[in-house]
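A.B. asks: Heads up, the sequence shown is in my numbering, so the first residue is 138 and it goes up one at a time.
The beta carbon of each residue, even a glycine, is placed where N, CA and C say it ideally should be.
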Amino acid sequence: MKQIQGGVTAPKGFEAAGTAANIKYKDRMDMALIYSCAPCRVAGTFTTNVVKAAPVLWDQEIVKNSPCAQAVIVNAGIANACTGKQGMDYCREEARTASGLLDISEDAVLVGSTGVIGMQLPMERINEGIRKLVAAKDSSVEAGTTASRAIMTTDTVNKEIAVTIELDGKTVTIGGMSKGSGMIHPNMCTMLAYITTDAAISRELLQEALSSSIVDTYNMISVDGDTSTNDTCLILANALAGNAEITEKGAAYDSFCEALDYVNTCLARKMAGDGEGATALFETTVVNAATKQEARILAKSVIGSSLCKAAIYGHDANFGRFLCALGYSGVKFDPEKVELFFESRAGKMLIYKDGAATDYSEEQATKILSEPEVTVLVDMKMGTETATAWGCDLTYDYVKINADYRS
């Protein structure tokens, strides 16, 4: 596997574009298009929030029942959530506009929205935005980057990645882009992720690969504990790489899954590290847990704790907060067997062992916790299973951003 420059336009046959439609923001792009010149197999995972945005309901129907997909239209600024029948009608109108301009079927058009909940989309601007996107689309690396920037809301940086693998002597590429900075606590799979690939793979295995991948990638991140109404991850595969179609599990499927996991992990980490107001990526790795699921629960409990997140922001080696979060996770363990470490580019330090603090240097601990990426490593001494979760520190700016988000 090799990481290459680019994002959603890296695989063969994919084009993209971004444009400013003035949906909510007046100073930036706010609409994006991903388009494949060939019909795609499509798979998706979606929010488990009972309150689902109209685009989620639309895309779930396409993924379940449409023979193929070929385009994705995404807007930022307005989420098209809690908008009733009108919201669904607007999804259909978006698909109708795109299908006419791209000469594809309406049920081959997926839609996505992110932003303020409860507002209706300004459809004149949306439709004009679609026309601009179709006119501007191309297959360049820059076009993919532009699309990744156009779906940002409170994100401070765009998020994209691409990798290649060899299957049957053919180069297969997987590219992706995502957005997410606040209302991030995926449980599905406000987080949007779009993956493109030129691999030939059956629809069933594409869905299985994605559903498996999200468990230890997007589902292991949290910024604020809020599961969005709009969480969506879609993958489109157009088969233009020319590899023998993956129709059963084996070496080719395993290679594809490994590359997909890498892409999703990179995008997940980028979102966690760019949490609203964040100054640091906060990673927790649990090792030697009794089961994989217990390792996941423990790791997510730590990165989801407001007090742990505040300690990371303050560069404070308050190890009791991390043990407390482990303790209320619901997993049974012996605290006197646990070992807890802080780790970053500044070094690694054992903080807690045998039921008590070690004789560590507060000054060195502060240096370790002052880096832009900080890891809390927890050795449970109970088994062999490992899991990693990603979050960010909790800062004053998080409250400022969300206190006046609508205005």
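Using a Cβ-Cβ cut-off of 7 Å (strictly less than) and excluding sequence neighbours within five positions of R165, which residues of its own chain qualify?
C.D. replies: Closer than 7 Å at Cβ, skipping near neighbours: A157.
A.B. asks: In chain order, what residues of the same chain lie with their CB nearer than 8 Å to the CB of R340, ignoring the 5 residues before and after it?
C.D. replies: If we look at R340 and ignore the five residues flanking it on each side, its Cβ neighbours are R178, V179, A180.
A.B. asks: Suppose you measure from the CA of N324 to the CA of I141; what does that come to, to the nearest Å?
C.D. replies: Because N324 carries a pLDDT of 48, less than 50, the predicted location of this residue cannot be relied on, and the following value inherits that uncertainty. Using only the alpha carbons, I get a separation of about 29 Å.
A.B. asks: Taking C403 as part of the alpha helix (DSSP H), name the residues at either end of that continuous run.
C.D. replies: That run of the alpha helix (DSSP H) goes 388-410.
A.B. asks: Below 8 Å on the Cβ atoms is my contact criterion, and I expect A494 with F456 to pass it. Report the Cβ-Cβ distance as a whole number of Å.
C.D. replies: Contact holds; Cβ gap of about 6 Å.
A.B. asks: Would you give the residue range spanned by the alpha helix (DSSP H) that Y172 belongs to?
C.D. replies: Per DSSP, Y172 belongs to no alpha helix (DSSP H); it is in the beta strand (DSSP E), 168-183.
A.B. asks: Check whether the region 251-258 touches the region 375-387, taking contact to mean three or more Cβ pairs, one atom from each stretch, closer than 8 Å.
C.D. replies: Taking 8 Å as the limit for Cβ pairs, the verdict is that the region 375-387 does not touch the region 251-258.
A.B. asks: Check the DSSP bridge columns for V595 and list the partner residues they point to.
C.D. replies: What the structure shows of the chain is the stretch from 138 to 544, and residue 595 is not part of that stretch, so it cannot be assessed.
A.B. asks: Rounded to whole angstroms, how far is the Cβ of K504 from the Cβ of A483, which I believe are closer than 8 Å?
C.D. replies: The pair is a contact, with the Cβ atoms about 5 Å apart (cut-off 8 Å).
A.B. asks: Could you please give the first and the last residue of the uninterrupted alpha helix (DSSP H) stretch that includes Q197?
C.D. replies: Looking at the DSSP string, the run of the alpha helix (DSSP H) that includes Q197 is 191-202.
A.B. asks: For T384, which residues from the same chain have a beta carbon less than 6 Å from its beta carbon, with the 5 sequence-adjacent residues on both sides left out?
C.D. replies: Same-chain partners within the cutoff: S339.
A.B. asks: What is the DSSP secondary structure of E261, reduced to helix, strand or coil?
C.D. replies: E261: helix per DSSP, three-state reduction.
A.B. asks: Using C-beta distances below 7 Å, list every residue in its chain close to F478, excluding the 5 sequence neighbours before and after it, in chain order.
C.D. replies: Result list for F478: K485, M486, L487, I488, L514, in chain order.
A.B. asks: Hey, quick one: how far does the alpha helix (DSSP H) through F456 stretch, first residue to last?
C.D. replies: Unbroken alpha helix (DSSP H) run through F456: 456-464.
A.B. asks: Do we get a CB-CB distance below 8 Å when we pair D496 with the residues of chain D?
C.D. replies: In the structure shown, chain D does not exist; there is a single protein chain.
A.B. asks: Tell me where the alpha helix (DSSP H) around A284 begins and ends.
C.D. replies: A284 -> alpha helix (DSSP H) spans 278-287.
A.B. asks: Are C403 and I298 closer than 8 Å when you measure CB to CB?
C.D. replies: Going by C-beta atoms, C403 is nearer than 8 Å to I298.
A.B. asks: For I267, which option in A245, L238, D275 has the closest C-alpha, if you only look at C-alpha atoms?
C.D. replies: Selected option, being the one with the closest Cα: L238.
A.B. asks: Please state whether DSSP places A213 in a helix, a strand or coil.
C.D. replies: Strand.
A.B. asks: What residue range is occupied by the uninterrupted alpha helix (DSSP H) comprising A346?
C.D. replies: Taken as a continuous stretch (DSSP letters only), the alpha helix (DSSP H) holding A346 covers 340-352.
A.B. asks: Identify which residue in P509, A389, G281 has its Cα closest to the Cα of G144.
C.D. replies: For the residues P509, A389, G281, the minimum Cα distance to G144 belongs to G281.
A.B. asks: Quick one: give me the first and last residue of the beta strand (DSSP E) that Y331 is part of.
C.D. replies: Per DSSP, Y331 belongs to the beta strand (DSSP E) from 329-334.
A.B. asks: Does the beta-carbon distance from L258 to A208 come in below 8 Å?
C.D. replies: For L258 and A208, no; Cβs fall outside 8 Å.
A.B. asks: To the nearest angstrom, how far is the alpha carbon of V294 from that of D411?
C.D. replies: Roughly 7 Å between the two C-alpha positions.
A.B. asks: So does the region 185-200 actually touch the region 231-248, counting three or more Cβ pairs closer than 8 Å?
C.D. replies: A contact exists between the region 185-200 and the region 231-248.
A.B. asks: What are the residues that DSSP puts in a beta bridge with A526?
C.D. replies: For A526, which the question treats as bridged, DSSP gives the partners T421.
A.B. asks: Name the one or two DSSP bridge partners that Q545 has.
C.D. replies: With the chain covering only 138 through 544, there is no way to say anything about residue 545.
A.B. asks: Whole angstroms are fine: how far does the CA of K149 sit from the CA of S350?
C.D. replies: Distance between the alpha carbons of S350 and K149: 23 Å.
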